[in-house]
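K.L.:
Quick one: this structure, given as structure tokens, is what I'll be asking you about.
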Amino acid sequence: MGLLSNKVERNEIKPGDHIYTYRAVFTYSHHGIFVGGSKVVHFRPERNLDSSIESSSELYDPISPQSACPTFPDCGFQRPNSGVVLSCLDCFIRNGSLYCFEYGVTPSVFLAKVRGGTCTTAVSDPPGTVIHRAMYLLQNGFGNYDIFQNNCEDFALYCKTGLLIMEKLGVGRSGQASSVIGAPLAALLSSPLKLLMPSPVGVATVTAGMYCMSRYATDIGVRSDVIKVAVEDLTVNLGLAAPHDEAAREDEASNRQLMTL
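Residue 125 in the UniProt record's numbering sits at position 125 of the sequence shown, with consecutive numbering throughout.
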């Protein structure tokens with residue numbers, strides 16, 4: 001992957017990778033976890049959400065109800081009342097290109113990638129742990145979808161790091177959402193300086209600097225309001241986890257079956 005682009009080929013990704021693809025002519029990106037076998041676990045609003053929400057959600061993945069996939073019979077699998085979905089790689093990418101999210105980047109690299117939702121300074125956990133979280137959440141859900149606090153990128157970031165934001169208000173982990181908020185915020189904060197910097201170049205420089213710093217300040221790798229939460233504890237807190245060991249064993253058996261199909 002280069003400094004300006006995280007584009008990769010299919011044969012370059014590995015199980016446990018956080019991948020994404022752009023939608024609507026690069027307007028936004030949709031994220032997921034590659035679990036191997038040409039399958040991706042990703043997060044989107046539940047099917048029964050109001051249509052007005054679907055049409056107004058820029059970070060929502062607007063996939064119509066999937067027809068039978070010719071490649072994988074389990075493509076599109078999801079539990080009732082859950083937005084976590086198992087799809088084949090072809091259906092996830094559709095007509096777009098494939099990109100791989102970077103972890104453990106240096107602050108300079110993070111700031112150099114002007115567009116949010118491509119990297120983080122946080123370090124990823126081992127692939128086995130990442131896949132376990134993704135498959136566990138496929139069976140138990142990831143709560144309610146929220147554009148700014150709990151979207152597809154937030155899902156992938158949690159699967160990779162196990163980090164959650166303690167404060168429910170404000171911006172979540174998503175770098176993409178931070179960019180959406182950071183751009184107008186940067187322009188607003190830099191506006192008083194326009195009187196001191198009559199040059200358009202000077203104003204643009206200050207605005208760009210404020211934008212980059214607002215993105216960096218909300219990155220999960222540098223935030224102080226994040227905690228490590230086990231996936232089993234996460235679903236219990238959300239009221240989604242199976243209460244009995246027998247149900248948990250059934251979920252694990254179902255995961256193994258999905259992985260082998």
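No residue lacks a Cβ here, since even glycine has one placed at the ideal position from N, Cα and C.
#1: Indicate whether Met135 and Val41 have their beta-carbon atoms separated by less than 8 angstroms.
#2: Does the distance from the CB of Gly76 to the CB of Val84 come in under 8 angstroms?
#3: Taking its Cβ as the centre, do 16 or more other Cβ atoms sit within 10 Å of Ser214, making it buried, or is it exposed?
#4: Ordered along the chain, which non-local residues of its own chain (more than five positions away) have a Cβ less than 6 angstroms from that of Ser97?
#5: In terms of residue numbering, what span does the alpha helix (DSSP H) encompassing Ile131 cover?
#6: Note the first and the last residue of the continuous beta strand (DSSP E) segment covering Ile227.
#7: Look up Tyr145 in the DSSP assignment and say whether it is helix, strand or coil.
#8: Which whole-angstrom value describes the C-beta separation of Ile220 and Leu137, a residue pair presumed to lie in contact below a C-beta threshold of 8 angstroms?
#9: Specify whether the stretch 148–167 and the stretch 224–234 touch according to this definition: at least 3 beta carbon pairs, one from each stretch, less than 8 angstroms apart.
#10: Smallest Cα separation from Asn11: which of Phe26, Pro45, Pro80 and Tyr99?
#11: Taking C-alpha atoms, which residue in Ile19, Ile33 and Val109 lies nearest to Gly128?
#12: By DSSP, does Cys75 sit in helix, in strand, or in coil?
#13: State the beta-bridge partners of Thr121 as determined by DSSP.
#14: Look at the Cβ atom of Cys119, then the Cβ atom of Val109, and state whether they are nearer than 8 angstroms.
#15: With DSSP as the reference, identify every bridge partner of Asn150, one or two as the case may be.
#16: Would you grab the beta carbon distance between Gly143 and Asn150 for me? Rounded to a whole angstrom, and I think it's under 8 angstroms.
P.N.:
According to the data block:
#1: At the C-beta level, Met135 and Val41 come within 8 angstroms of one another.
#2: No, these two residues do not count as a Cβ contact at 8 angstroms.
#3: Burial check for Ser214: the Cβ neighbour count within 10 Å reaches 16 or more, so the residue is buried.
#4: Same-chain partners within the cutoff: Lys7.
#5: It spans Pro127 to Asn140 - the alpha helix (DSSP H) in which Ile131 sits, taken as one unbroken run.
#6: Taken as a continuous stretch (DSSP letters only), the beta strand (DSSP E) holding Ile227 covers Val226 to Lys228.
#7: In the structure shown, Tyr145 sits in coil (DSSP, three-state: anything other than H, G, I, E or B).
#8: Incorrect: roughly 18 angstroms between the Cβ atoms, too far for contact.
#9: Counting Cβ pairs under 8 angstroms, three or more are found: they touch.
#10: Minimum Cα-Cα distance from Asn11 among the listed residues Phe26, Pro45, Pro80 and Tyr99 corresponds to Tyr99.
#11: Answer by Cα proximity: Ile33.
#12: In the structure shown, Cys75 falls within a coil segment according to DSSP collapsed to helix, strand and coil.
#13: Beta-bridge analysis with DSSP links Thr121 to no other residue.
#14: Yes, the pair counts as a contact, with Cβ atoms nearer than the cut-off.
#15: Beta-bridge pairing links Asn150 to Asp146.
#16: In this structure, Gly143 and Asn150 form a Cβ contact; the two beta carbons are roughly 6 angstroms apart against a cut-off of 8 angstroms.
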